[in-house]
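Below is one structure, written out as structure tokens, with a few remarks after it.
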């Protein structure tokens with residue numbers, strides 16, 4: 004039964020990822036007083052891309068086509084580590100958060116290789132910018148998760164989530180506050196949202212993530228788009244799981260799972276609204292202020308780790 | 008042959024022209040060539056001397072001395088002459104092809120350790136006009152930018168030739184799509200100046216309504232696009248709505264969204280009823296209020312100010328040297344405005360407030376547009392209240408021969424048409440578009456910034472590719 008739930012929650016994460024994007028886009032449209040496209044439009048986009056021809060630049064090697072497949076595969080694998088409906092995941096016990104972080108890094112590494120392999124100047128430019136952002140985002144992400152891990156005496160994600168969910172909500176320590184702050188900033192940078200990156204831009208010189216995928220088309224582009232949607236959903240699920248897991252089922256009862264699904268939907272709706280409101284109210288940062296932004300995340304994460312010493 | 012009474016000048020030598028351009032208080036307006044029916048080739052120099060247009064027509068046989076060393080604003084005009092007429096320009100520092108794309112083109116190479124070239128365009132990731140930009144960058148910092156344009160060169164000036172003067176406005180309207188009424192009016196005024204005709208007062212006031220509305224719409228859209236470029240989507244969406252409401256008001260009151268087909272030589276084609284004037288006035292007032300509110304929000308958003316402030320500075324000296332015009336020049340402290348300096352039409356009867364700023368950054372250019380929108384909205388209201396009565400157009404000789412020119416302040420700045428008419432048909436028409444004048448100043452504003460800010464700086468200039476390339 005547990006195994007079935009683990010499989011279902013991982014598949015669910017992958018399946019609803021485009022919906023999360025669609026919902027955010029819809030809320031943003033409403034804020035702008037527009038009607039907006041259907042929340043299902045990202046699915047239609049994926050379907051359209053999967054049916055299209057995959058154009059490969061003459062200069063590209065086999066790596067160009069391979070990179071999106073690897074990216075999607077590792078992102079989907081990472082989804083299996085994240086507890087969603089109940090406080091465990093298929094690989095939740097065997098795999099710790101360090102593996103999760105580097106699975107995502109592995110996917111990004113291949114996307115950067117693919118971007119440079121495309122041979123356009125924008126692929127290289129996007130890859131170098133992405134490398135900068137990811138190098139700076141890695142430390143705060145690891146430190147924030149480490150602080151929570153120290154507090155809960157476990158490095159497995161399931162363990163962390165289980166320990167948090169069993170706590171009385173008001174007994175949370177300051178460590179959580181700092182770690183949450185750091186993780187939110189990292190999440191914005193990692194998922195390429197405003198103010199770090201503008202996923203809707205058509206201006207190639209301002210792009211980070213989008214510059215890397217400019218040369219991609221058809222099914223390869225669909226895999227990249229889907230993978231980045233999964234990554235967004237996964238990071239949101241991680242934030243929700245580590246910092247607000249209440250409502251998750253602890254056993255395997257049907258009632259518990261139904262409640263957990265409801266709680267999950269609610270928490271995701273709140274996250275989507277938060278993202279849409281943030282993105283609608285501020286402008287994108289100047290490119291050279293992005294390191295400062297992630298420096299702030301690092302400072303928060305270091306504070307979180309330091310505070311664990313006080314919380315013993 | 009008549010030349011407008013407000014202009015002085017005539018036949019002269021190249022040395023006269025150069026001396027004029029190099030004297031103080033002189034701003035180059037345009038240099039262009041023509042060949043008349045007897046095969047005589049001339050180069051025409053138009054300059055603004057102490058708020059007065061002067062034209063010097065120089066007969067050319069062989070080469071010409073270059074004006075560029077003394078007056079850098081002449082550089083592109085002389086390159087265009089070299090391309091299109093094959094005139095040798097002696098002493099020009101850079102005679103690489105400008106308009107023509109047939110010959111090999113060598114970009115200026117910045118040398119040094121760590122300097123990379125970043126080619127961008129002419130095909131872009133978004134749906135925008137084609138232009139190639141060659142950046143020499145060190146990391147993300149731009150050391151040098153060289154634009155390569157004229158991918159949309161359609162030979163429009165040649166297309167005018169042989170057209171009946173009454174059919175000219177349709178072609179003028181298609182030169183730069185978002186400034187079509189300014190182009191049509193500039194064309195019509197050049198014909199009227201050539202024949203020494205004056206437009207009836209009511210026609211002049213209706214033209215003013217269109218010109219100022221076009222300016223409002225262009226500026227509102229530009230401010231919204233600037234916000235869109237920094238990822239601030241809400242103002243972008245709201246300004247798009249405000250612009251659309253103005254377009255719809257135009258459609259209701261004048262039967263055209265973009266004022267196409269309204270201007271004709273001698274006046275305008277469409278009158279305004281009392282009810283329409285009321286509807287139009289209300290729509291403009293609403294649009295202006297909504298935009299003022301949005302502008303206040305934009306200028307109160309720290310993240311937006313952080314992107315705009317100090318970005319893409321065009322210094323006052325560069326703006327003057329390169330003869331920059333329009334809001335770009337005024338944002339850099341160069342107070343020129345055709346409506347004020349060379350009043351035409353109904354502007355002769357009123358005083359136009361010309362806001363200006365000193366900093367020359369993206370923020371100044373955004374604030375220029377916000378201020379000018381306010382001024383334009385008020386001009387429209389004032390004009391509607393004092394709308395002259397009477398006829399809206401006057402006949403134009405259908406088979407006359409004459410030469411003349413006229414300028415208007417388009418939303419992008421000084422737009423000038425020079426026209427030669429032979430037996431009611433256009434023998435030569437030159438379009439000096441403000442974009443052609445302002446493009447060379449863009450690289451000076453970009454150098455020293457990071458390449459990721461280029462789209463924002465470019466948008467704050469908002470130059471037309473089609474209008475420049477013609």
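Residue numbers (my numbering), protein chains in the order written: chain A, 4 to 315; chain B, 8 to 477.
No residue lacks a Cβ here, since even glycine has one placed at the ideal position from N, Cα and C.
Since the model is a prediction, treat every value here as computed from it, not as a measurement.
Of the candidates 265(B), 336(B), 100(B) and 307(B), the residue whose Cα lies closest to the Cα of residue 34(B) is 336(B). Counting only residues of its own chain and dropping the five nearest sequence neighbours on each side, residue 57(B) has a CB closer than 7 Å to the CB of 32. The shortest CA-to-CA distance from residue 363(B) to any of 350(B), 129(B) and 380(B) is the one to 380(B). Rounded to whole angstroms, residue 161(B) and residue 183(B) show a C-alpha spacing of 12 Å.
Taking a Cβ-Cβ cut-off of 8 Å, residue 204(B) has no neighbours in chain A, whose nearest Cβ is about 46 Å from it. When C-beta distances to chain B are compared with 7 Å, the residues of the region 208-238 of chain A below that value are 208, 209 and 217, in chain order. The beta carbon of residue 204(A) falls within 8 Å of a beta carbon belonging to chain B, placing the residue at that interface. Comparing alpha carbon positions, the residue from 88(A), 190(A), 9(A) and 82(A) closest to residue 230(A) is 82(A).
Within the same chain, and ignoring the five residues on either side of residue 163(A) in sequence, the residues whose Cβ sits closer than 7 Å to its Cβ are 151, 152, 155, 157 and 245.
Put simply, the CB of residue 124(A) is near chain B, with a gap under 8 Å to one of its CB atoms.
Under a criterion of Cβ atoms nearer than 7 Å, the residues of chain A adjacent to residue 131(B) are, in order, 207. The alpha-carbon of residue 112(B) is positioned some 9 Å away from that of residue 155(B).
Taking 8 Å as the CB threshold, residue 45(A) stays off the interface with chain B. The distance from the Cβ of residue 393(B) to that of residue 431(B) is about 35 Å, inconsistent with a contact at the 8 Å cut-off. Taking the Cβ atoms as the reference, residue 126(B) lies roughly 6 Å from residue 124(A), within the contact range of under 8 Å. Residue 377(B) is positioned such that its CB atom lies closer than 8 Å to that of residue 302(B). Taking residue 144(B) as the centre and dropping the five residues before and after it, the same chain places the C-beta of 123, 125 and 458 closer than 6 Å to its C-beta, in chain order.
Around the C-beta of residue 36(A), fewer than 16 other C-beta atoms lie within 10 Å, and the residue is accordingly described as exposed. In this structure, residue 252(B) places its C-beta atom within 8 Å of the C-beta atom of residue 290(B).
Burial of residue 87(A) is indicated by the presence of at least 16 other C-beta atoms within 10 angstroms of its C-beta. Interface with chain A (8 Å Cβ-Cβ cutoff): residue 125(B) is included.
A direct Cα-to-Cα measurement between residue 360(B) and residue 346(B) gives close to 9 Å. Of all alpha-carbon atoms in 49(B), 39(B), 27(B) and 65(B), the one lying nearest the alpha-carbon of residue 55(B) is that of 27(B).
Taking the beta carbon of residue 198(A) as reference, the chain B residues within 9 Å of it are 238 and 310, listed in sequence order.
Within the model, the alpha-carbon separation for residue 293(B) versus residue 315(B) is close to 27 Å. Taken through DSSP and simplified to helix, strand or coil, residue 210(A) comes out as coil.
Counting the other CB atoms within 10 Å of its CB gives residue 174(A) a total below 16, which places it among the exposed residues. Boundaries of the beta strand (DSSP E) harbouring residue 439(B): 432-439, taken from the DSSP string. Think of a sphere of 7 Å around the beta carbon of residue 283(A): the chain B residues whose beta carbon falls inside it are 240 and 241, in chain order. Under the Cβ distance rule, residue 244(B) counts among the residues neighbouring chain A, one pair being separated by less than 8 Å. At least 8 Å separates the CB of residue 471(B) from every CB of chain A. By the criterion of a C-beta distance shorter than 6 Å, residue 41(B) is surrounded in its chain by 49 and 435, once the five residues flanking it on both sides are discounted.
Straight through space, the alpha carbons of residue 168(A) and residue 145(A) are spaced by roughly 21 Å. Between residue 466(B) and residue 185(B), the C-beta spacing is not below 8 Å.
Around residue 457(B), the beta-carbon contacts reaching into chain A at under 8 Å are 289, 290 and 291. Residue burial is scored here from C-beta neighbours: residue 221(B) has at least 16 other C-beta atoms within 10 angstroms and is therefore classed as buried.
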